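Okay, structure first, notes after.
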Amino acid sequence: MTEYLASIFGAEKDKVNCSFYFKIGACRHGDRCSRLHNKPTFSAVTDVEMQEHYNEFFEEVFTKMVEKYGEVEEMNVHDNLGDHLVGNVYVKFRCEEHAEKAVIYLNNRWFNGQPIHAELSPVTDFREACCHGFCNFMHLKPISRELRRELYGRRRRGGRGHERRSSRGRERSGRF
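Counting in the UniProt record's numbering, the sequence shown runs from 1 upward without gaps.
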């Protein structure tokens, strides 16, 4: 019996485990699926490969923000486990007008097959919003030192000078 169960695991005949999730890591039914979605406890992808992939993502988003909307002062990506926080990207622009422009245009865009939901954020200090444990505060995913020097160093070497913040006090960061 054990051999038979092992032979049908993740196959169409398996009435317990979702064959679609087993084959492609996704299921169109999501949490409503009547079968189990067995998530692996480890990944065949190394930490180095994951960091490289994340750095590529971060650089792509950062560069597009600068090119299309204006100078980026700070960008952070959530590494939280909560559904309402996971994958959120916060971009703090050098000036308020750039943040407003980004929100308008990004709400009509898609990334990786998903619609982007952009809005202005009340967050002014990301250090205040961060935590180092499991909670509802921001858990930011770090980029490599090399990429940080490359992206943020550009601004220090030849970027525009510091622009004054609006006296109205509205925030220049947005959640994307």
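C-beta: ideal position from N, C-alpha, C; glycine also.
Note that the coordinates shown come from a computational prediction; the quantities given were computed from them, not determined experimentally.
**Prompt:** My guess is that H93 and V123 are in contact by the Cβ rule of under 8 Å, so how many angstroms apart are they, rounded?
**Reply:** What you label residue 93 is simply residue 93 of the sequence shown in a count that begins at 1. What you label residue 123 is simply residue 123 of the sequence shown in a count that begins at 1. According to the sequence as given, residue 93 is Phe; it is not His. The pair is not a contact, with the Cβ atoms about 13 Å apart (cut-off 8 Å).
**Request:** Measure the CB-CB distance between N88 and H98 and report whether it falls below 7 Å.
**Result:** In the sequence shown, the residue the question calls residue 88 occupies position 88. In the sequence shown, the residue the question calls residue 98 occupies position 98. Taking 7 Å as the Cβ cut-off, N88 and H98 do not qualify as a contacting pair.
**Message:** How far does the alpha helix (DSSP H) with V89 in it extend, from its first residue to its last?
**Reply:** In the sequence shown, the residue the question calls residue 89 occupies position 89. Element bounds for V89: not the alpha helix (DSSP H) but the beta strand (DSSP E), 89 to 93.
**Request:** Name the residue from H29, N17, E49 whose alpha carbon lies nearest to the alpha carbon of H37.
**Result:** The sequence position of residue 37 within the sequence shown is 37, counting from 1. Of the candidates H29, N17, E49, the one whose C-alpha sits nearest the C-alpha of H37 is N17.
**Reference L140; option with closest CA among Y21, S19, F58** = For the purposes of this step, residue 140 is taken as the residue at position 140 of the sequence shown. Residue F58 is the option with its Cα nearest to L140.
**Prompt:** First and last residue of the beta strand (DSSP E) that includes M75?
**Reply:** Locating residue 75 in the sequence shown gives position 75, counting from the first residue. Residues 72 to 77.
**Asked** Count the other CB atoms within 10 Å of the CB of V103; is the residue buried (16 or more) or exposed (fewer)?
**Response** Position 103 of the sequence shown, counted from the start, is the residue given in the question as residue 103. Buried, because 16 or more other Cβ atoms sit within 10 Å of the Cβ of V103.
**Prompt:** If you drop the 5 nearest sequence neighbours on each side, which residues of the same chain put their C-beta closer than 6 Å to that of Y21?
**Reply:** For the purposes of this step, residue 21 is taken as the residue at position 21 of the sequence shown. Contacts found: C27, H37.
**Request:** Can you tell me which of the three DSSP states E119 falls into?
**Result:** Along the sequence shown, one-based indexing puts residue 119 at 119. Of the three classes helix, strand and coil, the one that applies to E119 here is strand, per DSSP.
**Asked** Should N76 and F111 be called a contact, given that it needs their Cβ atoms to be closer than 7 Å?
**Response** Along the sequence shown, read from residue 1 onward, the residue named residue 76 stands at position 76. Along the sequence shown, read from residue 1 onward, the residue named residue 111 stands at position 111. Not a contact, by the Cβ cut-off of 7 Å.
**Asked** Hey, quick one: how far does the alpha helix (DSSP H) through V66 stretch, first residue to last?
**Response** As a position in the sequence shown, residue 66 is number 66, starting the count at 1. Segment 47 to 68, the alpha helix (DSSP H) holding V66.
**Prompt:** Hey, how far is the Cα of I143 from the Cα of K68?
**Reply:** In the sequence shown, the residue the question calls residue 143 occupies position 143. In the sequence shown, the residue the question calls residue 68 occupies position 68. Rounded to whole angstroms, I143 to K68 spans 22 Å at the Cα level.
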